[in-house]
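Accompanying notes for the structure given below.
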Amino acid sequence: MTDTPIYMKRYTKRLIIFLTLYMLSLFGGMSWMNGANPPGQTIAALLAVLTALPILGVFWTIFRLLVEINDEYQRFLMTKQIVVAMAITLGIATVWQFLNAYDVMDQGPQWIGVLWLAMFGVAGGLVRWKA
């Protein structure tokens, strides 16, 4: 049995930190917004940005892992996973927007970043299954 590479340990630690910050900011911000005294528009906008920052940290964590991987084959698989996730996400967004253009649906995907993260997970299985 081999030890977990140091870059994966750093990736996991960063991911846990950013996702914990995300959950805290999301639940805290939404609780405040849905409470008895919701904040004004300026504070609500600030809360929205503060909630988005940890997700940006997750994206940074993924791309930082790509830089830190010292095994060329693993780096190739990670790059392929990122590209496949992007292709699936862009495909979904494109179809959705044309459904919008033809008045089949009212609006397009609002959570494109979350959609990409989900597709990143799906792509990981696809890429490694075919590896």
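With the working numbering applied, the sequence shown covers 3 to 133.
Cβ coordinates follow ideal geometry from the N, Cα and C atoms, glycine included.
Because the structure is a prediction, the values reported are computed rather than measured.
Residue i versus residue j: straight-line alpha-carbon distance, rounded
i    : j   : result
W34  : L92 : 34 Å
A103 : A50 : 28 Å
Q109 : A38 : 30 Å
T44  : N36 : 16 Å
A54  : E74 : 32 Å
K82  : G30 : 36 Å
L101 : K11 : 42 Å
A87  : Q76 : 16 Å
Outcome for residue i when other beta-carbon atoms lying within 10 angstroms are tallied against a minimum of 16
i    : result
Y13  : buried
P56  : buried
M32  : exposed
W118 : buried
I8   : exposed
I18  : exposed
T6   : exposed
T63  : buried
F122 : buried
V129 : buried
Distance between beta carbons of residue j and residue i, contact taken as under 8 Å
i   : j    : result
S27 : L67  : Actually they are not in contact, since the Cβ atoms of S27 and L67 sit about 23 Å apart, beyond 8 Å.
I90 : A125 : 7 Å
Host alpha helix (DSSP H) of residue i (start-end)
i    : result
I114 : 114 to 131
T63  : 43 to 70
A87  : 74 to 103
G31  : 8 to 35
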